[in-house]
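Quick notes on the structure that follows.
Residue numbers (this note's numbering): 58 to 453.
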């Protein structure tokens with residue numbers, strides 16, 4: 058929005074402050090933007106009401122404010138406010154112009170405001186000195202006048218008049234623009250200072266202010282860190298304990314007598330760390346709570362004893378996945394010589410590399426051969442000792 062007024066209260070007519078002008082041109086990018094359609098102009102009392110039209114000289118349309126940009130320069134004057142009763146607060150307003158970077162204007166008159174962002178007109182974006190001489194043509198140069206080169210000799214409707222044929226001056230452009238309270242659409246913003254945001258900052262569909270609120274503070278010695286994935290190309294050193302959800306330990310703190318049975322599913326009564334494996338208390342270990350198939354190393358260590366049975370026993374540890382046995386590595390077979398022997402106890406150890414998926418289940422079964430050449434004999438007088446250890450370790 059453009060305004061022409063008398064901010065100092067000086068007039069060339071004693072007792073009257075009317076405005077009488079022939080033509081106003083605003084040159085931006087080599088074109089006179091006041092030849093745009095949809096403009097609205099009026100004479101107003103700047104101090105009383107900037108929306109009420111005071112009317113033009115003669116009360117009709119011959120000299121109304123719109124004649125200021127009718128593209129006619131042959132008349133003595135076109136736009137003329139009323140005489141005889143005008144005050145120093147008389148002003149001419151032009152509305153409806155598209156928003157323009159103030160520095161990109163090449164030549165103009167008189168005073169600029171941003172009526173959208175500054176509706177009370179408190180901050181001047183650009184202003185000229187007060188006109189104190191009566192000349193036919195005035196040219197007010199903004200910073201972008203240096204980009205214009207096709208000046209006219211004398212008055213013109215198609216080109217900016219050259220400096221020699223007009224009273225010229227450089228316009229003072231405000232250093233600090235009006236604070237933005239509405240929408241801003243730009244391709245690039247570059248700043249050498251700070252950007253203070255009291256509302257939201259949205260990039261795409263993401264509210265950055267909300268996202269920042271979900272992030273943890275700067276990590277210090279007192280900070281707990283929670284994240285989905287942590288990738289490192291170097292070492293991770295910790296002076297505390299590492300609680301790793303990729304590990305699950307089961308142990309047994311009791312002995313199990315094997316009297317009267319031919320097979321025994323290893324069972325445990327204590328468990329530690331993550332919850333991706335459950336134990337039903339009877340020797341079945343079921344996978345749960347994993348988001349996708351994993352690769353896992355399972356390690357089983359089990360101490361066994363002849364207890365009161367005083368003859369040789371061949372022990373076997375067999376691994377089952379969903380009811381079917383599958384190969385493992387380690388000391389899956391071992392031997393005890395009887396209760397009175399120095400070798401009455403031994404340890405069964407097995408390791409297996411397998412995949413994991415939800416609802417997959419495992420059993421680790423012990424049975425014996427007592428000299429018949431066949432496993433599956435009744436295991437009277439022997440036992441599984443406390444300290445059974447079953448370890449699930451996700452490795453990929």
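Built from N, CA and C at the ideal position, the CB exists for glycine as well.
In this text, all values refer to a predicted model and were calculated from it rather than measured experimentally.
- The C-alpha of residue 98 is placed about 6 Å away from the C-alpha of residue 123.
- With respect to the C-alpha of residue 440, the residue from 201, 107, 366 and 104 having the closest C-alpha is 366.
- Ranked by how close their Cα comes to the Cα of residue 420, the residues 380, 253, 286 and 292 have 380 in first place.
- The stretch 428–444 and the stretch 282–294 do not touch, with fewer than 3 CB-CB distances between them shorter than 8 Å.
- A check of alpha carbon separations from residue 341 across 377, 310 and 355 identifies 377 as the nearest.
- As computed with DSSP, residue 421 is found in a beta bridge with 376.
- Excluding its 5 nearest sequence neighbours in each direction, residue 96 has C-beta neighbours in its own chain below 8 Å: 123, 126, 151, 152, 153 and 154, listed in chain order.
- At a cut-off of 3 residues, the continuous stretches assigned as beta strand (DSSP E) that sit fully inside the stretch 92–150 are 97–102.
- Counting only runs that start and end inside the stretch 268–346, the beta strand (DSSP E) elements of at least 3 residues fall at 304–308, 327–330, 334–336 and 342–344.
- Taking a 10 Å sphere around the C-beta of residue 121, we find 16 or more other C-beta atoms and assign the residue as buried.
- Comparing C-alpha distances from residue 353 to each of 325, 304 and 309 shows the shortest one belongs to 304.
- Take the alpha-carbon of residue 451 and the one of residue 276: they are about 28 Å apart.
- Between the alpha carbons of residue 316 and residue 383 lies a distance of about 27 Å.
- Under the three-state reduction of DSSP, residue 204 is assigned to helix.
- If you check the CB distance, residue 228 and residue 184 come in under 8 Å.
- With a threshold of 16 other beta carbon atoms within 10 Å, residue 284 falls short and is exposed.
- For residue 196, the uninterrupted beta strand (DSSP E) run begins and ends at 195–198, by DSSP.
- When the Cα atoms are used, residue 318 and residue 373 turn out to be separated by approximately 14 Å.
- Between residue 442 and residue 312, the C-beta gap is smaller than 8 Å, which places the two residues in contact.
- Look at residue 222 here: in three-state DSSP terms it is helix.
- In the three-state reduction of the DSSP assignment, residue 406 falls in the strand class, which pools E and B.
- The DSSP-derived three-state label of residue 217 is coil.
- In chain order, 192 and 195 place their CB closer than 6 Å to the CB of residue 224, counting only its own chain and leaving out the 5 sequence neighbours on each side.
- By the Cβ-count criterion, residue 89 is buried, with 16 or more other Cβ atoms from all chains shown falling within 10 Å of its own Cβ.
- Taking a C-beta distance under 8 Å as the contact criterion, residue 413 and residue 389 do not qualify as a contact pair.
- Buried is the label assigned to residue 364, since at least 16 other Cβ atoms lie within 10 Å of its Cβ.
- Between the C-alpha atoms of residue 330 and residue 261 there is a straight-line separation of about 41 Å.
- Judged by their CB atoms, residue 445 and residue 308 are nearer to each other than the 8 Å cut-off.
- In this structure, residue 101 lies away from residue 91, with their beta-carbon atoms at least 8 Å apart.
- For residue 76, no beta strand (DSSP E) run applies, since DSSP gives it neither H nor E.
- The beta carbon of residue 110 lies closer than 6 Å to those of 99 in the same chain, with the five residues before and after it left out.
- Residue 352: member of the beta strand (DSSP E) spanning 351–362, first to last residue.
- Excluding the 5 residues flanking it on each side, residue 212 has same chain C-beta neighbours closer than 7 Å at 130, 194 and 218, in chain order.
- Residue pairing by DSSP places residue 393 opposite 370 in a beta bridge.
- Here the C-alpha atom of residue 104 lies approximately 47 Å from the C-alpha atom of residue 270.
- Assignment of beta-bridge partners to residue 448 by DSSP yields 306 and 356.
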